[in-house]
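If you use UniProt numbering, the sequence shown corresponds to residues 1 to 426, in order.
Where a beta carbon is used, it is the ideal one built from N, C-alpha and C, also for glycine.
Here's the structure we're looking at; comments come further down.
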Amino acid sequence: MKSKQPLYAQIAAVIKARIVEGLYKPGEKIPPIRQLTETFGVNKATVHKAFECLKQEGVLENRVGSGSYVRYPEKIAAAPGLFDFRTDYLHERFFPHQQVQTVFNTLFEQEGAGALAPVPTEGDPELLQVLGQHYHLPAERMLIVSGAQQGLDLVAKVFSADISASMLFEDPTYPGAISLFRARHFVPLEADGPDLAHMDRLLPGQIRLYYAMPSVHNPTGIAYSLEKKSAVARRARDHGFFIIEDDYLGELKPDAPRLVDLAPERTIHIKSFSQTTLAGLRLGFMVVPTDLYKRFVFAKYSSDITSFGLLQKALREFIRQGKYSRHLADLRRLAAERRRRLLDLLQSFPALHAANDRWGYSLWVRPATPLQLDAPPWSRGEEFSFSPTLRHCFKLAFMHMDDAAFDQSLPYLQDLLRRGIANGTV
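In structure tokens, the structure reads:
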């Protein structure tokens with residue numbers, strides 16, 4: 001080694017280069033000092049000093065009685081694309097793109113350029129019928145939207161943008177709804193749904209809308225019990241407010257009565273396909289009460305007079321041919337397996353409690369005391385709630401990684417949680 005740098009610094013640079021190149025991966029053990037002494041032709045003290053420098057830089061860590069290991073990066077930017085516990089959309093690897101390609105090819109063969117023709121504001125009539133049959137909902141009160149966010153935008157248009165003073169939200173809740181409606185009123189969530197006593201204290205006022213995710217809640221993953229659903233439906237009828245039922249990932253849990261089933265004339269039901277297909281395929285639908293239907297169609301017409309028909313027709317055939325149902329069965333199995341593995345990992349941390357363990361693409365974790373990390377790769381509780389008791393919770397999403405990345409992410413996550421707990425003196 002010919003260099004003006006000291007030998008230990010040269011050895012440290014070589015080891016770091018091997019880590020950057022992927023020869024030594026995060027979590028892997030570095031060859032012992034004795035072996036590297038022979039490799040570099042230096043004494044043990046020189047290699048030991050190189051190790052100490054790398055530990056000070058945060059590149060290596062020592063495990064008592066085991067040796068030196070490549071340390072996992074604390075900041076997600078140090079491992080781009082690998083360890084994403086924030087994004088709860090599906091990884092493209094799990095979307096059956098070849099089957100969908102076949103559907104598109106068949107559409108062009110059968111319809112030619114007609115496959116690209118626009119469809120009515122309400123949506124492709126045949127798709128509406130297929131969705132009505134698949135979800136057991138009235139097609140005559142349904143309209144197609146470009147995802148749940150457009151559905152919420154239409155609610156804001158129909159009820160006026162200044163609805164925030166008379167709108168009730170779950171706590172915690174979806175950040176997109178908080179920002180759109182400038183949320184002010186919240187009802188705490190319990191393990192089986194909203195705190196009804198707290199809700200009753202708010203309802204005698206001017207509440208006109210209640211935004212809820214009762215099937216699979218985001219971020220907690222809980223599901224409303226039938227008793228809580230019935231109670232909310234009864235209050236909607238008695239107090240005259242409308243429920244905005246955001247059916248987030250309802251396909252991943254067993255069939256159960258929805259709020260739209262229990263109170264059809266008081267419920268605006270919104271369903272997005274972004275979580276079960278791909279985030280970029282912005283399609284969803286709404287079912288609205290009869291008295292509001294024309295107002296919603298007009299609001300959508302003012303946003304987009306017609307809709308692009310190709311995606312709607314492809315979704316129609318994907319569902320009609322049974323491909324979507326088989327795809328959902330695969331997602332249920334995959335989500336259940338990943339959830340089990342994450343829960344197994346969390347069991348080694350008594351100070352961490354997973355609030356939900358059955359549904360959805362994520363786990364909502366409550367630490368006994370706050371974890372101290374600069375840039376954790378997950379969503380913080382403060383993104384979903386203003387409550388001081390929830391701000392230190394966090395959401396671990398687990399479906400936006402392919403199999404290899406997910407496997408690699410688990411030891412990284414375990415190491416990061418261990419450090420966060422140690423820093424927070426949990």
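Phenylalanine 386 sits away from threonine 173, with the two beta carbons spaced by 8 Å or more. About 11 Å separates the CB atoms of phenylalanine 273 and glycine 280; that is not less than 8 Å, and the two are not in contact. An exposed status is given to glutamine 35, since fewer than 16 other beta-carbon atoms sit within 10 Å of its beta-carbon. Inclusion of isoleucine 15 and isoleucine 30 in the CB contact set at 8 Å is warranted, their separation being smaller than that value. In the three-state DSSP reduction, histidine 269 falls in the strand class (E or B). Just so you know, the alpha carbons of aspartate 407 and leucine 328 end up roughly 22 Å apart. Cα atoms of glutamate 245 and tryptophan 359: separation of roughly 17 Å, rounded to the nearest angstrom. Nearest to arginine 339 by C-alpha distance, out of Val365, Ser146, Leu226, Asp374, is Val365. In this structure, the beta-carbon distance from serine 215 to leucine 249 falls below 8 Å.
Residue nearest to glutamate 382 within the set Ala375, Met399, Leu390 is Leu390 (criterion: CA-CA distance).
Going by DSSP, glycine 67 is part of the beta strand (DSSP E) stretching over 67-70. The alpha-carbon separation between arginine 208 and phenylalanine 241 amounts to approximately 4 Å. Taking 8 Å as the cut-off, the beta carbon of arginine 182 is found no closer than this to the beta carbon of leucine 203. Segment contact: the region 85-105 against the region 370-381, three or more CB-CB distances shorter than 8 Å; contact assigned.
Within the same chain, and ignoring the five residues on either side of arginine 316 in sequence, the residues whose Cβ sits closer than 7 Å to its Cβ are Asp124, Glu126, Leu127, Val130. The beta carbons of valine 47 and phenylalanine 318 sit no closer together than 8 Å. Beta-bridge partners of tyrosine 211 (DSSP): Phe169, Ile244.
DSSP places histidine 353 in the uninterrupted beta strand (DSSP E) bounded by 352-354. DSSP lists Tyr69 as the beta-bridge partner residues of lysine 29. Fewer than three beta-carbon pairs drawn from the region 340-354 and the region 146-163 are found closer than 8 Å, and the two stretches are therefore not classed as touching. By the Cβ rule, the region 259-270 does not count as touching the region 393-401, because fewer than three pairs are nearer than 8 Å. Within the same chain, Cβ atoms closer than 6 Å to the Cβ of tyrosine 89 are found at Ala279, His400, the five residues on either side in sequence being excluded. Between glycine 309 and alanine 117, the gap from beta carbon to beta carbon is short of 8 Å. CA-to-CA, the gap between leucine 252 and alanine 50 works out to about 51 Å. Rounded to whole angstroms, the gap between the alpha carbons of asparagine 218 and asparagine 43 is 57 Å. Assigned with DSSP and collapsed to three states, histidine 327 falls in helix. Its chain contains Phe169, Asp171 as the residues whose beta carbon lies nearer than 6 Å to that of phenylalanine 186, once the 5 sequence neighbours on both sides are disregarded; these appear in chain order. Residue state for glycine 205 is assigned as coil, using DSSP reduced to three classes.
It is roughly 14 Å from the alpha-carbon of proline 367 to the alpha-carbon of leucine 345.
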